[in-house]
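So the sequence shown is numbered by full-length UniProt numbering: it starts at 1 and just counts up by one.
We put the beta carbon where it would ideally sit given N, CA and C, even for glycine.
Data block below; observations after.
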Amino acid sequence: MKQVCVLGNGQLGRMLRQAGEPLGIAVWPVGLDAEPAAVPFQQSVITAEIERWPETALTRELARHPAFVNRDVFPIIADRLTQKQLFDKLHLPTAPWQLLAERSEWPAVFDRLGELAIVKRRTGGYDGRGQWRLRADETEQLPAECYGECIVEQGINFSGEVSLVGARGFDGSTVFYPLTHNLHQDGILRTSVAFPQANAQQQAQAEEMLSAIMQELGYVGVMAMECFVTPQGLLINELAPRVHNSGHWTQNGASISQFELHLRAITDLPLPQPVVNNPSVM
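Listed below in C-alpha cells is the structure:
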C-alpha cells in the first residue's frame with residue numbers, strides 16, 4: 001500500500017485521507033507539532049495542505065525528505081512578492097503592482113497605479129485579512145510594520161472572479177476542471193458555481209496560463225489559480241499550490257475529485273480528464 005503524509009491535519013488533509021481509501025493509499029494528515037518518531041514519513045510521499053509553516057521538529061525532518069513533492073515550490077508561492085515576480089517573468093497578465101518599501105513612496109504609487117491601491121501582506125492573510133483598500137488620503141491607516149512586508153496593486157474594476165483547478169503529473173501531462181465562478185462577501189468565499197461548459201475563451205486562456213506556471217515550477221499535483229474577469233481578459237490574482245476550497249464541488253460534481261486527482265499526481269498514477277455533466281453549486 002502506498003503512503004502519503006500530509007503536512008497539516010485540517011479539513012483539506014481529512015478530505016485527502018477520504019479520497020485515498022478507494023485508491024488503496026494510506027493518507028496520514030499530521031499536525032505541525034507531531035513527534036517525528038510517531039509519523040510514518042520515511043516510506044511516504046510528502047505533500048502539504050498549507051503553503052507555509054513554522055519550524056518544528058517535524059517540519060525540519062520533512063524539509064529534508066527526498067519525497068516531499070513540490071518542496072521548493074511552496075516558498076515561491078507563499079510569498080506574494082515572488083508570486084508576482086513569477087507572473088512577470090512568464091509575461092502573464094496580473095494587476096499592476098510593486099513592492100511597498102517605504103511610506104515616502106505613496107505619491108509615486110498613486111501616480112503609477114491610480115486612485116485606488118490594494119495593499120496585501122507578502123505572506124499570510126486570507127479571507128480578506130492582511131489587506132487594505134486605500135486612497136491617497138487614507139494611507140495613514142496602514143500599520144508601520146507593513147512597509148517592506150507588503151505589495152501594493154492597482155485596484156481592478158472587474159466583473160467577476162473565477163478560479164481554475166488543474167493538475168500536473170510527473171510526466172508533464174495536465175488536466176483541468178471547468179472554470180469555477182466564485183462569489184465573495186467581505187473577502188470570504190461564500191459560493192462557487194461550476195458549469196459543464198465554461199466560457200471557451202476564458203477556459204483556454206486560464207488553462208494556458210496555469211500550464212505555463214506549473215511547467216515553469218516543475219509542479220506536480222493539484223494547483224488552483226484565482227483570476228479577475230475584465231473586458232480585456234483574465235488577470236491572475238493569486239495561486240494556491242494545493243487542493244482548494246473553490247474545488248470542493250468536485251467531490252460530488254465531477255467524475256473525479258480534486259483530492260483524488262492530487263493523490264494520483266503525487267503518487268505517479270494516471271490522471272484521467274475530469275468529466276462534468278451538470279452544474280454544481282457549493
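Counting of Cβ neighbours within 10 angstroms places Gln141 among the exposed residues, the total staying below 16. For the pair Arg190 and Leu179, the CB atoms are not nearer than the 7 Å cut-off. Counted as a single uninterrupted DSSP element, the alpha helix (DSSP H) harbouring Gly13 occupies residues 11-20.
Beta-bridge partners assigned by DSSP to Met214: none are found. Across the structure, Glu102 and Ile213 are spaced so that their CA atoms are roughly 30 Å apart.
The shortest CA-to-CA distance from Ala95 to any of Trp106, Pro75, Lys120, Ala108 is the one to Lys120.
Membership of Pro93 in any alpha helix (DSSP H) is not indicated, and neither H nor E is assigned to it by DSSP.
Residue pairing of Gly160 in beta bridges, as defined by DSSP: Val229. According to the DSSP assignment, Pro107 belongs to the alpha helix (DSSP H) that extends over 106-113. About 18 Å separates the CB atoms of Met225 and Ser173; that is not less than 8 Å, and the two are not in contact. Residues Ile76, Ile77, Glu238, Leu239 of the same chain have their beta carbon placed closer than 8 Å to that of Gln83, with the five preceding and five following residues left out of the count. Around the C-beta of Gly128, fewer than 16 other C-beta atoms lie within 10 Å, and the residue is accordingly described as exposed. Residue burial is scored here from C-beta neighbours: Tyr219 has at least 16 other C-beta atoms within 10 angstroms and is therefore classed as buried. One thing to note: Val222 has its Cβ within 7 Å of the Cβ of Gln258. Taken atom to atom, the span from the alpha-carbon of Trp249 to that of His262 is near 15 Å. With respect to His65, Ile50 sits apart: the two C-beta atoms are not nearer than 7 Å.
In this structure, Leu99 lies away from Ile156, with their beta-carbon atoms at least 7 Å apart. Taking the Cα positions, Arg242 is about 20 Å away from Glu55. Residue pairing by DSSP puts Leu234 in a beta bridge opposite Val229. Bounds of the beta strand (DSSP E) holding Ala48 are 45-48.
When C-alpha distances from Ala26 are compared across Arg14, Leu58, Leu32, the shortest belongs to Arg14. Counting of Cβ neighbours within 10 angstroms places Leu90 among the exposed residues, the total staying below 16.
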